[in-house]
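Novice: Each step along the sequence shown adds one to the number in the numbering used here, with nothing skipped, and position 206 is 527.
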Amino acid sequence: MIDITLLNTSSKQFSQILEKKLKMENIINKKVDREVSKIINTIKKNGDLSLTKYINKYDGYYLKNSKKILLSKSEINNAYKRVTKVQIRSLKQSMKRIKSFAKNQLSSSWGKTLDQTYLGEKITPIKSVGIYVPGGTASYPSTVMMNAIPAKVAGVKNIIMACPMGNLEDHSLVIVAADLCGISKIYRMGGAHAIGALAYGTKVVPKVDKIVGPGNIFVTLAKKMVFGEVGIDNIAGPSEILVIADDSCNSDWIAMDLFSQAEHDELAQPILLTTSSIFIKKVITSMNKLLPMLPRKKIILKSLKNRGLIIKAKSIREICNIANEIAPEHLEIAVKNNKKVFNSIQNAGAIFLGQFSPEVFGDYCAGPNHVLPTSGSAKFSSPLGVYDFQKRSSVIKVSYKTAKELSKLSSILAEAEGLHAHAYSARFRHKK
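Structure follows, in structure tokens:
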């Protein structure tokens, strides 16, 4: 039997319980924070020597020396022999859709001349990017595609990948996906030590300008610590899904959609939001019926108990208000009049409209990126895209005629701020 918190918005304790379930403070503790800081500083100081030691300690496999961290061409070629033609075809078809979507996000340099003054922006790609892909007992080729393809479309020349890979046979599809995406180097390393190596560089691992990709709490904290030394995509939390549904929905479908996020992690958050008490009962029945068939049912049960919610609301308006406050990573709008709900939604990482648009399509092959804001950050941030791998430089070219006008404006404001060198710099342009 599943154990999940049932909430009614009419309850006096509703807001208090909801806030407690959404909070993430319990995940991070000072001990983990100190350990990550120690790892980062040790990698920065000792490079490959400490990197190899940490790989052997934390990544679940043994490497004789740092030269083994970088995959060889023969190891990459061997990976192709271990995957099926169907799998390669599926990768290529998904890549095509992701690339097609990403091309719409590509920005170009622009400029305009007004009153003899040229103003514009120069758009350039980031020079080098490091992609982190979770590994260990799992294998995520989709993460490779979602991070590498927008970087490629943006024009990034040097893309490298870090992934903890013990038995390479278990990660063949990840290796093949990386090669197909044009990743130049693949490194067998994970955790905070991999982030440290990408941020500061070693003899084997080159320093990059930006690090993207999801990971566990060690990876997340490490990315947070190196931010400023390098760019990062976001501070990602556990996966989330909020499903808005009504009596028109198939309860088995909705139950499995909730499970699809719960199976990621014991701290993943599946939430059902509905106005129908009858549908809630149907979904719970479906959950109990479908759970036994799933290999990861223990993780699902813990996720449902730890952070799962089924919320009974009074109206669609109330549902939209709650959804905007939660600002979920994934939002499924499976109600009959989904357009009405959609128009009221402001905060969500990815929105899936209608019963035939499950979140899983977004994970793998629909086209939009699956690297999304979590933990309520969809209120102020967006999915990973091509724009995350491009930089903008402002361009200003002023004529002598316009300089005379701007020098007056600039010098007045500079003196008001007490910056006299600024003021003289402006006036000198007027005294040609």
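For glycine and all other residues, C-beta sits at the position ideal for the given N, C-alpha and C.
What residues are listed by DSSP as bridge partners for methionine 486?
Specialist: Here residue 486 corresponds to residue number 165 of the sequence shown, with the count starting at 1. DSSP, once it has assigned bridges, lists no residue as partnering methionine 486.
Novice: Please report the residue range of the beta strand (DSSP E) in which leucine 674 lies.
Specialist: Reading the sequence shown from its first residue, position 353 is the one you call residue 674. Segment 671 to 674, the beta strand (DSSP E) holding leucine 674.
Novice: For isoleucine 666, name the three-state secondary structure that DSSP assigns.
Specialist: The residue you call residue 666 lines up with position 345 of the sequence shown. It is coil, neither helix nor strand.
Novice: Would you give the residue range spanned by the alpha helix (DSSP H) that glutamate 736 belongs to?
Specialist: Your numbering for residue 736 matches position 415 in the sequence shown. First-last of the alpha helix (DSSP H) with glutamate 736: 721 to 737.
Novice: Less than 7 angstroms between the C-beta atoms of isoleucine 643 and leucine 674, yes or no?
Specialist: Indexing the sequence shown from 1 puts residue 643 at position 322. Indexing the sequence shown from 1 puts residue 674 at position 353. Taking 7 angstroms as the Cβ cut-off, isoleucine 643 and leucine 674 do not qualify as a contacting pair.
Novice: Residues in the same chain with beta-carbon distance under 8 angstroms from valine 353, minus the five sequence neighbours each way, listed in chain order, please.
Specialist: Here residue 353 refers to the residue found at position 32 of the sequence shown. Contacts found: Ile538, Phe539, Leu542.
Novice: With distances taken Cα to Cα, identify the nearest neighbour of isoleucine 666 among Ile565, Ser720, Leu693.
Specialist: Position 345 of the sequence shown, counted from the first residue, corresponds to residue 666. Residue Ile565 is the option with its Cα nearest to isoleucine 666.
Novice: Once the 5 residues before and after leucine 689 are set aside, which same chain residues still bring their CB inside 7 angstroms of it?
Specialist: In the sequence shown, counting from the first residue as 1, residue 689 sits at position 368. Reading the sequence as shown, one finds proline at residue 689 and not leucine. Answer for proline 689: Phe422, Ala671, Gly683, Pro704, listed in chain order.
Novice: How many angstroms separate the CA atom of isoleucine 323 from the CA atom of arginine 509?
Specialist: Translated into positions along the sequence shown, residue 323 becomes position 2. Translated into positions along the sequence shown, residue 509 becomes position 188. Each residue's alpha carbon lies about 38 angstroms from the other.
Novice: Which residues in the same chain as histidine 691 place their Cβ atom closer than 6 angstroms to its Cβ, once the five residues preceding and following it in sequence are excluded?
Specialist: The residue you call residue 691 lines up with position 370 of the sequence shown. Correct list, in chain order: Met467, Gly683, Asp684.
Novice: Take glycine 697 and list the residues in its own chain whose beta-carbon comes closer than 6 angstroms to its own, dropping the five residues that flank it on each side.
Specialist: Taking the sequence shown and counting its residues from 1, the one referred to as residue 697 is at position 376. Correct list, in chain order: Ala648.
Novice: How is glycine 432 classed by DSSP in three states: helix, strand or coil?
Specialist: As a position in the sequence shown, residue 432 is number 111, starting the count at 1. Glycine 432 falls in the strand class under three-state DSSP.
Novice: If you drop the 5 nearest sequence neighbours on each side, which residues of the same chain put their C-beta closer than 8 angstroms to that of glutamate 680?
Specialist: The residue given as residue 680 occupies position 359 in the sequence shown. Ile562, Asp578, Ser581, Gln582, His651, Glu653, Ala671, Phe673, listed in sequence order.
Novice: Write down the C-beta distance between isoleucine 532 and isoleucine 516 rounded to the nearest angstrom, noting that I regard them as a contact closer than 8 angstroms.
Specialist: The sequence position of residue 532 within the sequence shown is 211, counting from 1. The sequence position of residue 516 within the sequence shown is 195, counting from 1. Contact flag correct, Cβ pair sits at about 6 angstroms.
Novice: Quick check on histidine 741: does DSSP put it in helix, strand or coil?
Specialist: Translated into the one-based positions of the sequence shown, residue 741 becomes position 420. Here histidine 741 sits in helix by DSSP.
Novice: Could you check what DSSP says for threonine 373 in three-state terms: helix, strand or coil?
Specialist: Here residue 373 is taken as the residue at index 52 of the sequence shown, counted from 1. Three-state DSSP puts threonine 373 in a helix.
Novice: Where does isoleucine 504 sit, in a helix, a strand or coil, going by DSSP?
Specialist: Walking along the sequence shown from the start, residue 504 turns up at place 183. DSSP places isoleucine 504 in coil when its eight states are reduced to three.
Novice: In three-state DSSP terms, what is glutamate 639?
Specialist: Along the sequence shown, read from residue 1 onward, the residue named residue 639 stands at position 318. Glutamate 639: helix per DSSP, three-state reduction.
Novice: Using the beta-carbon count (16 or more within 10 Å), is methionine 546 buried or exposed?
Specialist: Locating residue 546 in the sequence shown gives position 225, where the first residue counts as 1. That one is buried.
Novice: In whole angstroms, what is the alpha-carbon distance linking leucine 343 and glycine 522?
Specialist: For the purposes of this step, residue 343 is taken as the residue at position 22 of the sequence shown. For the purposes of this step, residue 522 is taken as the residue at position 201 of the sequence shown. For leucine 343 and glycine 522, the distance between alpha carbons rounds to 36 angstroms.
Novice: Are the C-beta of serine 714 and some C-beta of chain D separated by less than 7 angstroms?
Specialist: The structure shown contains no chain D; it is built from a single protein chain.
Novice: Can you check which of these residues, Asp567, Lys633, Cys686, is closest to glutamine 676 by C-alpha distance?
Specialist: The residue you call residue 676 lines up with position 355 of the sequence shown. Of the listed residues, the one whose Cα sits closest to glutamine 676 is Asp567.
Novice: Starting from the Cα of valine 526, find the closest Cα among Glu396, Phe749, Lys388 and give me that residue.
Specialist: The count along the sequence shown starts at 1 and reaches residue 526 at position 205. Answer by Cα proximity: Lys388.
Novice: Whole angstroms is fine: what's the gap from leucine 614's alpha carbon to lysine 478's?
Specialist: For this step, residue 614 is matched to residue 293 along the sequence shown. For this step, residue 478 is matched to residue 157 along the sequence shown. Looking at the sequence provided, one finds methionine at residue 614 rather than leucine. Answer to the nearest angstrom: the Cα atoms are 45 angstroms apart.
Novice: When you compare each of Asp586, Thr405, Glu396 to alanine 459 by their alpha carbons, which one comes out closest?
Specialist: Here residue 459 refers to the residue found at position 138 when the sequence shown is read from its first residue. Minimum Cα distance to alanine 459 is reached at Asp586.
Novice: Express the C-alpha separation of tyrosine 401 and leucine 800 in angstroms, rounding to a whole number.
Specialist: Any answer about residue 800 is impossible in this case: the structure gives the chain only from 322 up to 753.
Novice: Terminal residues of the continuous beta strand (DSSP E) containing tyrosine 453?
Specialist: Here residue 453 corresponds to residue number 132 of the sequence shown, with the count starting at 1. From DSSP, the beta strand (DSSP E) with tyrosine 453 extends over 449 to 453.
Novice: Quickly, what does DSSP pair lysine 633 with across the bridge? List them, please.
Specialist: Here residue 633 is taken as the residue at index 312 of the sequence shown, counted from 1. For lysine 633, which the question treats as bridged, DSSP gives the partners Asn329, Thr595.
Novice: Out of curiosity, what's the CA-to-CA distance linking glycine 512 and alanine 483?
Specialist: To locate residue 512, count along the sequence shown from 1; it is residue 191. To locate residue 483, count along the sequence shown from 1; it is residue 162. Distance between the alpha carbons of glycine 512 and alanine 483 is about 9 angstroms.
Novice: Straight-line CA distance for glutamine 337 to asparagine 425?
Specialist: Taking the sequence shown and counting its residues from 1, the one referred to as residue 337 is at position 16. Taking the sequence shown and counting its residues from 1, the one referred to as residue 425 is at position 104. One C-alpha to the other measures close to 42 angstroms.
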